[in-house]
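Read through the structure below, which is laid out as structure tokens, and then see the notes.
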Amino acid sequence: MTLQQLVFFTAIHQYGSFTTAANELFISQSSLSKQIISLEKELGIELFVRNTRHICLSEAGEQILPHVLSIVGKYQEMKNCAALVEQSAQGVIKLGGVPVLSIYGITHALLKFETLHPEFSVEIAETKTSYILSRLAACSLDIGIVRLAYPLEYDSGSMLVIPLVDDEQVLVTSSDHPFVRRERISLAEAMGETFVQLNSDPVVAAHHIQQIELMLPDVTLHLSNMKMDSIKQCILQKGWVSLMMREVAQAAFLPEAHIVLLQEPLRLTLCAVLRREDPNPACQALISFLTTYFRKKTIYPQSF
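For the sequence shown, the working numbering assigns the number 1 to the initial residue and increments by one for each residue that follows.
Pasting the structure below:
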């Protein structure tokens, strides 16, 4: 049995066709068939039910599929880790961050790091929290930068989580809203308001949604993947309100809208996350730089 045969097996299952799988794998259909027949002989079972119209897994094939996927997945993780080791030797750091890095000064800090350490370079990809965490676990990212609640709700058993910048929730309203005359309000006072919440990153959105539904069980809540400017128009023209982080609100909504402070806001922290096992020298250098750079911008300890 070879790893290649297992990859072939998963490809046929994925595409439901020997012909399509062979094309995707850039081998001949006859070679693919020979490899699967060889695998079946070694295992002593028939992996696929074949007929003239379609192909599907046999009962035995269904039973071994999870094990094969696990083996192939672990192999891919090993390849990813090896690639990262090679990149780290060249001073390349793969970093994934939620798409607010510039708002919190992270992008500026990363560029300053590269200026001070020309032997290192940072490849930045901004994306969703769930994707960042899954790519970290799969060893295809070196470092993630995500927003987490404190105390940390994320299981950091296999990850090192380092707080960088903390922020608080605020309520965004139109400039003629009655709340603008108040220095701070309780979220419960927003009873009867219509909320519009950005839902492009479900992990971050869940924090705000939970707060709203806890304090306002009968609230009218619109979840949207609109851009910030479109949400701003809903606030300005429809009189809706939105719960979001203060730094984001200041960057995206002022001066047109108004920010109302909350009496008991939820606090989220922008954190650097990396695998707990020995990070490579490039990652160590970047984390050391970030913790020093943001030391005065967080009220939380620098490590866990």
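Glycine included, every Cβ here is placed at the ideal spot set by N, Cα and C.
Query                                                                                                                                         : Result
Distance CB(residue 223)-CB(residue 199) smaller than 8 angstroms                                                                             : yes
Residue range of the unbroken alpha helix (DSSP H) whose run includes residue 135                                                             : 129-137
DSSP three-state assignment for residue 229, whether helix, strand or coil                                                                    : helix
Check whether residue 98 and residue 204 have beta carbons under 8 angstroms apart                                                            : yes
Chain-order list of residues whose beta-carbon lies under 7 angstroms from that of residue 72 (same chain, five-residue window excluded)      : 6, 7, 10
Beta strand (DSSP E) segments (min. 3 residues) lying fully within the stretch 169-202                                                        : 194-198
Inter-stretch contact (C-beta, 8 angstroms, three-pair minimum) for the stretch 168-183 and the stretch 253-271                               : yes
Cα-Cα separation between residue 163 and residue 212, rounded to whole angstroms                                                              : 25 angstroms
The stretch 232-252 / the stretch 49-67 touching (three or more Cβ pairs under 8 angstroms)                                                   : no
Contacts around residue 19, its chain only, beta-carbon distance under 6 angstroms, and the 5 residues preceding and following it disregarded : 29
Separation of residue 289 from residue 233, as counted between CA atoms                                                                       : 39 angstroms
Beta-carbon contacts of residue 75 that lie in its chain and below 7 angstroms, excluding the five residues immediately before and after      : 3
Ordered list of beta strand (DSSP E) runs contained in the stretch 219-294, each at least 3 residues                                          : 220-224, 242-245, 258-262, 267-275
CB contact flag (residue 144, residue 282, <8 angstroms)                                                                                      : no
Delimiting residues of the beta strand (DSSP E) encompassing residue 18                                                                       : Here residue 18 belongs to no beta strand (DSSP E); instead the alpha helix (DSSP H) covers 18-25.
For residue 36, the first and last residue of its enclosing alpha helix (DSSP H)                                                              : 29-43
Near the ligand ATP: residue 213 beta-carbon under 7 angstroms from a heavy atom                                                              : Judged by which ligands are present, the structure shown has none, so any question about the ligand ATP falls away.
Helix, strand or coil at residue 141 according to DSSP, with G and I counted as helix                                                         : coil
Residue 103 (DSSP reduced to helix, strand or coil)                                                                                           : coil
6 angstroms Cβ shell around residue 270 - same chain, five flanking residues per side excluded                                                : 104, 147, 164, 165
First through last residue of the alpha helix (DSSP H) which encompasses residue 6                                                            : 3-15
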